[in-house]
Ligand SMILES: *Cc1c(COP(=O)(O)O)cnc(C)c1O
């Protein structure tokens, strides 16, 4: 395929996101290098991901296992892949087998999925897998994530019972329409304070993954170290083409 005559819209959008990330980090006194941008490419074609990769970005996120296992092998091995959102425990092995360069699962919200991931890592003999515990900070019944009150317990479980997982921090989605964003982010930050205090972890060793297309700047200002940005980079998603998970 011939190289595109003009830069892909996604590359231009990525550049603008990176500038906004840097400015938000400066406002909060954080270092922009310490804020990871996960480019969430679900529903988007491999060719568009490749454009963003060719522009130098290396961290991408996917959310549907079936789609992920089809796309990842078509892309370079030095991509740092994140699985974002809820993962069904019976898909853990499939995911890890197909994506050896899976760096992090953002969304462990129960012991069962932690166990399945732990066993999959061990049976494949791969490096420990970084995981974030997902917290339901919006109180919505339909949302995945542990209740804030049960966060510490699940973190303890992962740290003590899952030797092949590396607990790396906490993640939240918040309200999908961003209406209660600051409250949701504050709740996640409070969970981190509690977890770090109880387990004697330095807060710098416990990531906060919060912030998406509509609220990533505010999330960074409130301490996010990992933002998951989809549509602002890749354009709106067309769910009529979504494959079943
Ligand atoms: C899709 C998705 C995102 C990205 O959402 P945008 O609003 O498009 O930036 C972030 N996090 C999770 C868990 C997602 O599923």
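In the UniProt record's numbering, the protein residues as written are 1 to 245.
Just so it is clear, CB atoms sit at the ideal spot from N, CA and C, and this is done for glycine as well.
Quantities reported herein were computed from a predicted structural model and do not represent experimental measurements.
Within 7 Å of the C-beta of residue 108 there is not a single heavy atom belonging to ligand 1.
Relative to ligand 1, the beta carbon of residue 65 is positioned no closer than 7 Å to any heavy atom.
Using a Cβ distance threshold of 8 Å, residue 237 and residue 61 do not count as a contacting pair. Cβ neighbours of residue 145 within its own chain (closer than 6 Å, five residues either side excluded): 109, 134, 135, 136.
Going by C-alpha positions, residue 147 is about 14 Å away from residue 195.
For residue 66, the enclosing alpha helix (DSSP H) has its first and last residue at 65-71. Under the rule that a run must span 3 or more residues, the beta strand (DSSP E) segments found entirely inside the segment 73-152 read 80-84, 102-108, 129-134.
At a threshold of 7 Å, residue 44 does not count as near ligand 1, since its beta carbon sits no closer than that to any of the ligand's heavy atoms. When rounded, the separation of the alpha-carbon atoms in residue 31 and residue 80 is 20 Å.
In the three-state reduction of the DSSP assignment, residue 228 falls in the strand class, which pools E and B. Distance from the CA of residue 207 to the CA of residue 139, rounded to the nearest whole angstrom, comes to 21 Å. Within the segment 158-228, the complete alpha helix (DSSP H) segments of 4 residues or longer fall at 181-199, 216-221, listed in chain order. Counting along the chain, residue 52 sits inside the alpha helix (DSSP H) bounded by residues 46-54. Environment of ligand 1, chain-ordered: 40, 63, 84, 85, 212, 213, 228, 229, 230, 231, taking every residue with Cβ within less than 5 Å of a heavy atom. The three-state reading of DSSP puts residue 10 in helix, counting H, G and I together. When the beta-carbon positions are compared, residue 179 and residue 210 stay at least 8 Å from each other.
Of all C-beta pairs linking the segment 60-77 to the segment 113-120, fewer than three are shorter than 8 Å, placing the two stretches out of contact.
In the three-state reduction of the DSSP assignment, residue 36 falls in the strand class, which pools E and B. With respect to residue 97, residue 124 sits close: the two C-beta atoms are nearer than 8 Å. For the 8 Å CB-CB criterion, residue 38 and residue 99 do not form a contact.
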